[in-house]
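These protein sequence lines map, in sequence, to chains A, B and C. Okay, so the first sequence: first residue is 9 according to the numbering used here, each after it adds one. Okay, so the second sequence: first residue is 22 according to the numbering used here, each after it adds one. Okay, so the third sequence: first residue is 40 according to the numbering used here, each after it adds one. C-beta atoms are modelled at their ideal positions from N, C-alpha and C, and glycine is treated no differently. For reference, the structure is listed below as C-alpha cells.
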Amino acid sequence: MDTLNNILEYIGLFFVLLGSIFLFLGALGIYRMPDLYNRLQAGTKASTLGAMSMVLGIGLMQPGWLIKLIVIILFIGISNPLSSHALARASYKSGIRPFFKKKVDDYEEEVESEKGKMESV
Amino acid sequence: MSAKTISPSRYFYTFFIVFLIWYAFTTSLQPAEIITGIVLSLVVAYITVVNFDCCDPILITPSHIIYFIQYFLVFLVALVKANFDVAKRVINPKLPINPGIVSFETKLKNNFAKMVLANSITLTPGTLTIDVVDDKFYIHWIDVTTENKDEIYKEIAEPFEKVLLKIYGSSK
Amino acid sequence: MNIVIYIAIVLISIGSFLAFMRFVKGPTAADRAIALDTLSVIGIAGLVLLGYLFQRYIYIDLALVYAVLGFIGTIVIARYIEKAL
Chain A
9 MDTLNNILEY IGLFFVLLGS IFLFLGALGI YRMPDLYNRL QAGTKASTLG
59 AMSMVLGIGL MQPGWLIKLI VIILFIGISN PLSSHALARA SYKSGIRPFF
109 KKKVDDYEEE VESEKGKMES V
Chain B
22 MSAKTISPSR YFYTFFIVFL IWYAFTTSLQ PAEIITGIVL SLVVAYITVV
72 NFDCCDPILI TPSHIIYFIQ YFLVFLVALV KANFDVAKRV INPKLPINPG
122 IVSFETKLKN NFAKMVLANS ITLTPGTLTI DVVDDKFYIH WIDVTTENKD
172 EIYKEIAEPF EKVLLKIYGS SK
Chain C
40 MNIVIYIAIV LISIGSFLAF MRFVKGPTAA DRAIALDTLS VIGIAGLVLL
90 GYLFQRYIYI DLALVYAVLG FIGTIVIARY IEKAL
C-alpha cells in the first residue's frame with residue numbers, strides 16, 4: 009500500500025511539473041505571438057493541457073480529492089475552447105483582421121455578406 | 022419558439038441535466054445541499070426550458086461506449102501532439118507560422134456533435150475554430166499547408182468526424 | 040519531492056507575469072481578454088497547487104468557482120466586443 013502511494017505520488021509530481029511547463033509555454037506564447045488569433049492558438053491549447061495535467065497530478069497525489077478535481081478538469085476542457093472560440097469570433101466581427109504572410113481567408117466573405125444583410129434590414 | 026408547447030418529459034430532462042451539473046459542482050450528499058439543488062434546478066429548468074435545445078438524448082448502445090473511448094483516445098493523442106507543436110513554435114526564435122483562415126463542410130447534423138467537433142478542433146494541432154455557420158466550419162490555421170478543400174478536410178476534421186458520425190449518424 | 044512543487048510555483052509565477060505583460064501591452068481589448076483568460080486558468084491551477092501544499096480542501100472549491108466565473112466573464116467580454124466595438 010505504501011509503495012503504491014509512493015508510485016502515485018511520483019506520477020503526480022511528474023504531471024504537476026509537466027503542467028507547469030505547459031502553462032509557462034502558453035503564457036510565453038501569449039506574450040510572443042504576433043497577432044490575436046495566434047495568441048489564442050498558443051494560449052488555449054497550452055494552458056488547457058497545462059491546467060488539466062497539473063490538476064490531475066494533484067489528484068493522483070491526493071486521491072481523496074480526485075472526484076472534485078476531475079470535475080474541474082472536465083470543466084476546463086469544455087469551457088476553455090468555448091471561450092477562446094467566442095473571443096475569436098467576436099474580435100473578427102469587430103474588425104480585427106489576422107496577420108497573414110500569404111492571405112488565405114475564407115471567413116471574410118461570410119462576415120461581409122452578413123453585414124450586408126444587417127444593413128439592408 | 023415560445024409558442025411551441027413543451028412536453029412534461031422535456032421539463033424533466035432539462036431539470037435532470039441542470040441538477041446533474043449542480044451535483045457535479047457540489048459532490049456532496051448532505052440533505053441540505055440536495056434539497057437546495059432540487060429547488061434551484063426546478064427554477065432554472067422552468068426558466069430555460071424554452072431555449073434548452075442542445076444535448077438531445079441519444080440512444081446509448083454498448084457499441085457507443087467503445088466509440089466514446091475511441092474518441093477520447095483520438096482526442097487525447099491529438100491534444101498532446103498539439104501542445105508539443107505549440108511548444109515547438111513558441112520556443113523557436115523565428116516563430117515559424119504561416120496563418121490563414123480556411124473552411125470546410127461537415128456531414129454532422131446534430132448540434133451537440135458539432136459543438137464537440139468544434140471544441141476538439143480548437144484543441145488539436147495548429148487549428149482554432151472561429152465560427153460555425155450551419156454546416157460550414159471556419160478554422161484559423163496556424164500553418165496553412167494546402168488550400169485544397171478535400172485535403173483541408175482530411176487534415177483537420179476527418180479523424181474526429183469519423184468517430185462522431187458513428188455515434189450520432191448524419192441524421193438530426 | 041517538495042522541490043518539484045516549488046519549481047512548478049516558480050514556473051507558473053513567471054507564466055503569469057508574462058500573461059500580465061500582455062495584459063498591460065494590449066494592444067486591443069480582445070488581447071487583454073485573452074491574457075485575462077490565461078491568467079485565470081493559471082490561477083485555477085495555482086489554487087489547486089496551493090491547496091495541496093497547505094492541505095486545505097476549501098481551495099479546490101475556490102478553484103471551481105473561479106473557473107466558472109472566469110468562463111462567464113470571458114463570454115461576457117466576447118459578447119461585448121462583438122456587439123459594441
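Extent of the continuous beta strand (DSSP E) to which residue i belongs
i, result
"Leu149 (chain B)", "148–154"
"Phe125 (chain B)", "121–126"
"Trp162 (chain B)", "157–162"
Within chain C, the residues that residue i reaches when beta carbons sit closer than 8 Å
i, result
"Leu74 (chain A)", "Neighbours of Leu74 (chain A) on chain C: none; closest Cβ ~10 Å, over 8 Å."
"Val24 (chain A)", "Val43, Ile44, Ala47, Leu88"
"Leu95 (chain A)", "Ala69, Ala72, Ile73, Asp76, Thr113, Ile116, Ala117, Ile120"
Interface residues of chain A facing residue i [CB-CB closer than 7 Å]
i, result
"Ile120 (chain C)", "Ala98, Ser99, Ser102"
"Pro120 (chain B)", "Tyr45, Asn46, Pro106, Phe107, Phe108"
"Arg61 (chain C)", "Ile38, Tyr39"
"Thr150 (chain B)", "His93"
"Ala45 (chain B)", "Val79"
8 Å Cβ cut-off: residues of chain B touching residue i
i, result
"Ala50 (chain A)", "Val107, Arg110, Val111"
"Ile86 (chain A)", "Asn140"
Contact under 8 Å by Cβ, residue i with residue j
i, j, result
"Phe46 (chain B)", "Leu63 (chain B)", "no"
"Gly27 (chain A)", "Gly58 (chain A)", "yes"
"Ala35 (chain A)", "Ser52 (chain C)", "no"
"Ser55 (chain A)", "Phe23 (chain A)", "no"
"Ala84 (chain C)", "Leu16 (chain A)", "no"
"Leu116 (chain B)", "Lys53 (chain A)", "no"
"Ile99 (chain C)", "Val87 (chain C)", "yes"
"Ala58 (chain C)", "Ile81 (chain C)", "yes"
"Val79 (chain A)", "Thr82 (chain B)", "no"
"Gln70 (chain A)", "Leu149 (chain B)", "no"
"Ala96 (chain A)", "His161 (chain B)", "yes"
"Ile104 (chain A)", "Ala69 (chain C)", "yes"
"Ile114 (chain C)", "Ser102 (chain A)", "no"
"Tyr174 (chain B)", "Phe125 (chain B)", "yes"
"Leu68 (chain A)", "Ile19 (chain A)", "yes"
"Asn88 (chain A)", "Ile163 (chain B)", "no"
"Phe107 (chain A)", "Asp43 (chain A)", "yes"
"Gly58 (chain B)", "Tyr67 (chain B)", "no"
Exposed unless 16 or more other CB atoms sit within 10 angstroms - verdict on residue i
i, result
"Tyr159 (chain B)", "buried"
"Leu64 (chain A)", "buried"
"Arg95 (chain C)", "exposed"
"Glu176 (chain B)", "buried"
"Ala94 (chain A)", "buried"
"Asp76 (chain C)", "buried"
"Lys109 (chain B)", "exposed"
"Lys64 (chain C)", "exposed"
"Lys122 (chain C)", "exposed"
"Tyr45 (chain C)", "exposed"
"Gly72 (chain A)", "exposed"
"Leu41 (chain B)", "exposed"
"Asp152 (chain B)", "buried"
Endpoints, the alpha helix (DSSP H) within which residue i is located
i, result
"Met69 (chain A)", "44–69"
"Lys76 (chain A)", "74–101"
"Leu50 (chain B)", "Counting along the chain, Leu50 (chain B) falls outside any alpha helix (DSSP H), and DSSP gives it neither H nor E."
"Pro83 (chain B)", "83–112"
"Ser141 (chain B)", "132–143"
"Met41 (chain A)", "No alpha helix (DSSP H) contains Met41 (chain A), which DSSP labels as neither H nor E."
"Pro180 (chain B)", "179–189"
"Leu50 (chain C)", "41–64"
"Tyr96 (chain C)", "From DSSP, Tyr96 (chain C) is part of no alpha helix (DSSP H); its letter is neither H nor E."
Same chain, Cβ closer than 6 Å to residue i, five either side skipped, listed in chain order
i, result
"Gly109 (chain C)", "Ser79"
"Arg33 (chain C)", "Nothing about residue 33 (chain C) can be read from this structure; chain C reaches only from 40 to 124."
"Ile38 (chain B)", "none"
"Leu33 (chain A)", "Ala54"
"Leu101 (chain C)", "Leu86"
"Tyr189 (chain B)", "Asn131, Ala134"
Neighbouring residues, chain A, relative to residue i (Cβ below 9 Å)
i, result
"Asn169 (chain B)", "Chain A residues near Asn169 (chain B): none, gap ~12 Å exceeds 9 Å."
Proximal residues to residue i (C-beta, below 7 Å), its chain only, five neighbours per side dropped
i, result
"Val95 (chain B)", "Pro180, Phe181, Val184"
"Gly85 (chain A)", "Thr56, Met60"
"Ile42 (chain C)", "none"
"Ile81 (chain A)", "Met60, Val63, Leu64"
"Val70 (chain B)", "Ile27, Arg31, Tyr32, Thr35"
"Leu89 (chain C)", "Tyr98"
Where residue i meets chain A, residues with beta-carbon distance less than 8 Å
i, result
"Leu50 (chain C)", "Ser28, Ile29, Leu31, Phe32"
"Phe93 (chain C)", "Those do not exist, as Phe93 (chain C) stays about 12 Å from chain A at its closest Cβ, beyond 8 Å."
Within chain C, the residues that residue i reaches when beta carbons sit closer than 7 Å
i, result
"Val63 (chain A)", "Ala84, Val87"
"Ile15 (chain A)", "Within chain C, no residue comes near Ile15 (chain A); the closest Cβ sits about 13 Å away, beyond 7 Å."
Interface partners of residue i on chain C, CB under 9 Å
i, result
"Val79 (chain A)", "Leu103"
Proximal residues to residue i (C-beta, below 8 Å), its chain only, five neighbours per side dropped
i, result
"Ala24 (chain B)", "A caution first: Ala24 (chain B) carries a pLDDT of 49, below 50, which makes its placement in the model unreliable, though a value can still be read off. Hits under 8 Å: none found."
"Val165 (chain B)", "Asn119, Pro120, Gly121, Val123"
"Ala19 (chain B)", "The structure shown does not extend to residue 19 (chain B), since chain B spans only 22 to 193, so no value can be given for it."
Neighbouring residues, chain B, relative to residue i (Cβ below 9 Å)
i, result
"Gly37 (chain A)", "Val107, Ala108, Arg110, Val111"
"Leu90 (chain A)", "Met136, Ala139, Asn140, Thr143"
Per-residue contacts from residue i into chain B (C-beta, under 7 Å)
i, result
"Thr56 (chain A)", "Leu144"
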